[in-house]
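Numbering (full-length UniProt numbering), first residue to last: 1 to 386.
Positions of the beta carbon are idealized from the N, C-alpha and C atoms, including for glycine.
Rendered as structure tokens:
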């Protein structure tokens, strides 16, 4: 068996393992040192380590491998490659107690999360600057547009799974442990996604949902960035629904049917919606309230798709020449859309790439967003895009 019995936590020791390159699967020996635990959960453990000899910091996510199944997270991570998704560098297997086998994913290391950033600002009783909310949400929806175009639904969008580099403004989506390629006609579990961020159709027990569950979760993240605390802090599934109803009002029969046609119990107290303008008070601009309203819709098909979100006026500041980070550093690269990304909605391509970036993007990607032949997406369109 490739790899180690256990990840050795002696910080001075250099560990050498036979691993596979993330994208190609090619076998290669890698060495790392300074191994320490930085996170753990029901999934397993995350370590931080330094590659030898480069000194590059990596995260090693170690999960118990069920020998009966192919690891879905590994196959998803190997199939995605995008500037707003954490990069799988290598993977290897290690032996544990008895016959246990562990899969180790060696990922690029990014120290901060949206969760921690939000808490730091809340502790200081400061709002997060609106430019950074735009920057983080734009990159999140870029990553979603990309994975949805591949038919993949993340199914666990939450602040803890959004890695950020505070100095460059770059955001990367991580933790594909719940991600799945959605197939038409194939039932999916409804008990996924972390509680505060669960779309209402999941609470209603839907098993044939689409990528719009990720859109709902992202709307909850955006609201939290503005408020400094979760918008729907439910203590249980039903309590979660109560929190949503307190804001959006009671869903109509039609909306309940759109979320889950098999849900029969329609007896809900009639509650009027609470306007977002009152919830956010002076913290939110009209454009941000308009966008959140279009993300947090009961009816999944009424929510904006990820690519439609990207052209929303809320993000116009990012498209203006001369916009910089507050440190006067340039913004991270936001507009280098690939042919695959542009082909999701070719009619929106010219709105995605600002005119002043057209030539620069064409030089980077080889694609002119103002004049290109779109790829034929599979027909019917991937469920994650519907």
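Cβ-Cβ distance between residue 306 and residue 215 below 8 Å: yes
Thinking just about the alpha-carbon of each residue, which of 125, 124, 142, 118 is nearest to the one in residue 132? 118
So, for residue 46: in the same chain, excluding its five sequence neighbours on each side, which residues have a beta-carbon less than 6 Å away from its beta-carbon? 38, 39, 59, 61
Tell me which same chain residues have a C-beta within less than 7 Å of the C-beta of residue 14, skipping the five on either side of it? 31, 33, 52
Once the 5 residues before and after residue 190 are set aside, which same chain residues still bring their CB inside 7 Å of it? 202, 205, 206, 207
I'd like to know if the segment 170-187 and the segment 261-277 are in contact, where contact means that at least 3 CB-CB pairs between them fall below 8 Å. no
When you compare the segment 142-150 with the segment 72-90, are there three or more beta-carbon pairs, one atom per stretch, that lie closer than 8 Å? yes
Spatial distance of residue 72 from residue 180 (CA atoms): 7 Å
Which residues bound the beta strand (DSSP E) around residue 37? 27-41
Out of curiosity, what's the CA-to-CA distance linking residue 273 and residue 251? 10 Å
Give, in chain order, every unbroken run of the alpha helix (DSSP H) that is at least 4 residues long and sits entirely within the segment 220-266. 237-248, 253-259
Using 8 Å as the threshold, is the C-beta distance between residue 311 and residue 342 below it? no
Taking the alpha-carbon positions, what's the residue 367 to residue 345 distance? 15 Å
Exposure label - residue 125; buried when at least 16 CB within 10 Å: exposed
May I have a chain-ordered list of the alpha helix (DSSP H) segments no shorter than 4 residues that lie completely inside the segment 104-184? 114-123, 130-149
Leaving out five residues before and five after residue 358 in sequence, what residues of the same chain have Cβ atoms less than 8 Å from its Cβ? 368, 369, 370
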